[in-house]
Amino acid sequence: MKKYHVLFVVFFFSLAMSAQSAQSFLLNLYGGYTFSDKVDFDNSYAKVEDGFEYGLGLEYFFIDNQSIELKYNRFDTNMPLYTKIALNNGTIPPGTQLNAGDDKGAINYILADYTYYFGSSSQKAIPFIGAGAGISILETPQSGSGTYFAWEVKAGVKVKTNSPLSINLHAYLQSMSAAVGYDYYWDYYFGPLAVTDYASTFQFGLGASLSYDFSK
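What the sequence shown shows, in my numbering, is residues 4 to 219, in sequence order.
Right under this line is the structure:
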């Protein structure tokens, strides 16, 4: 995963340098606190525990109050996995953590966001809403890394200053979905059918971003 970090840093740095002469580019540095979630499987469940999320993005205003953004956020967390039922002929009771001492992981979000700002760019405080979609790269000690679909919605307020810097205060909901196996059903004509079973995370968070406007 380290090679991805190097590529993202080089990519954003090159975009930032090329955007210095542009009038509609902002570089955003993100930080936030993401709350925990529980993910249910057939015979077990996992917890994605709360923690600090951070990242950066490059935002382009194609209209005065609307923008698109490419961003990368990383969320380091613990992901304990517990049994729902007794396993191994009852020697492993329900509620036993199966990955004790080996549950550290991370979720890397690569998203393309659209944001709508309410009001004029001359205001000091500008409310906004937005949504985005892309991929998540899930890192776990047991299975390495995997790539899955991800999305987010957000809302907040941008607080502008007399300098190129501004601060965004926002709440967000992030989700990633992964195929975790199959459910089997019986059809009268076709017999047994296997349907892919998906598990999704839904994590709420509160965050802030520090923005630098290259047009000022």
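All C-beta atoms in this analysis are idealised placements derived from N, C-alpha and C, irrespective of residue type, glycine included.
Candidates the options: closest to residue i by CA position
| i | options | result |
| --- | --- | --- |
| Val-162 | Tyr-85, Gly-35 and Ser-124 | Ser-124 |
| Leu-73 | Gln-206, Asn-171, Tyr-117 and Thr-164 | Tyr-117 |
| Ala-153 | Pro-96, Ile-95, Tyr-36 and Arg-77 | Arg-77 |
| Met-179 | Thr-150, Gly-159, Gly-58 and Lys-107 | Thr-150 |
| Ala-181 | Phe-38, Gly-133, Ser-148 and Gln-126 | Ser-148 |
| Pro-167 | Thr-80, Phe-205 and Tyr-215 | Tyr-215 |
| Gly-104 | Leu-172, Tyr-85 and Lys-41 | Tyr-85 |
| Lys-107 | Gly-54, Ser-70 and Ser-27 | Gly-54 |
| Tyr-36 | Ala-174, Phe-217, Phe-205 and Leu-213 | Ala-174 |
| Thr-143 | Thr-80, Val-42 and Asn-171 | Thr-80 |
| Ala-134 | Ala-128, Leu-141, Ile-140 and Ile-113 | Ile-113 |
| Asn-111 | Ala-49, Asn-68 and Tyr-75 | Tyr-75 |
| Asn-46 | Gly-98, Gly-34, Ser-70 and Gly-60 | Gly-98 |
Exposure label - residue i; buried when at least 16 CB within 10 Å
| i | result |
| --- | --- |
| Asn-92 | exposed |
| Tyr-119 | exposed |
| Leu-29 | buried |
| Leu-223 | There is no way to answer for residue 223, as the model of the chain reaches only from 4 to 219. |
| Ile-66 | exposed |
| Leu-172 | exposed |
| Tyr-191 | Low confidence applies here, because Tyr-191 scores a pLDDT of 48, under 50, leaving its location unreliable; read the following figure in that light. The residue is exposed, with fewer than 16 neighbouring Cβ atoms inside 10 Å. |
| Ala-128 | exposed |
| Ala-49 | buried |
| Phe-205 | exposed |
| Phe-64 | buried |
beta-carbon residue i near the ligand GTP non-hydrogen atom, thresh 6 Å
| i | result |
| --- | --- |
| Phe-205 | The ligand GTP is absent from the structure shown, which contains no ligand whatsoever. |
Cα-Cα separation, residue i to residue j
| i | j | result |
| --- | --- | --- |
| Ser-203 | Pro-96 | 25 Å |
| Glu-52 | Met-82 | 6 Å |
| Gln-177 | Lys-219 | 32 Å |
| Phe-121 | Ala-136 | 22 Å |
| Tyr-57 | Gly-210 | 9 Å |
| Val-156 | Gln-100 | 32 Å |
| Ala-89 | Gln-126 | 60 Å |
| Phe-207 | Phe-38 | 6 Å |
| Glu-62 | Lys-87 | 44 Å |
| Ile-132 | Gly-34 | 18 Å |
| Ala-158 | Phe-44 | 31 Å |
| Ser-212 | Asn-102 | 34 Å |
| Gln-69 | Ala-115 | 14 Å |
| Phe-193 | Ser-139 | For Phe-193, the predicted structure reports a pLDDT of 44, less than 50, and the residue's modelled location is therefore unreliable. The matter cannot be settled from this model. |
| Ala-109 | Leu-141 | 6 Å |
| Gly-184 | Leu-59 | Since pLDDT at Gly-184 reaches only 46, below the 50 mark, its modelled position is unreliable, and the value read off the structure follows with that caveat. When rounded, the distance between both Cα atoms is 34 Å. |
| Val-160 | Thr-94 | 53 Å |
| Asp-40 | Thr-164 | 36 Å |
Opposing strand residues paired with residue i [DSSP bridges]
| i | result |
| --- | --- |
| Ile-129 | Lys-161 |
| Glu-52 | Its beta-bridge partners do not exist; DSSP assigns none. |
| Lys-87 | The partner list for Lys-87 (beta bridge, DSSP) is empty, contrary to what the question assumes. |
| Lys-74 | Gly-60 and Leu-114 |
| Ala-202 | Ala-181 |
| Gly-147 | Thr-143 |
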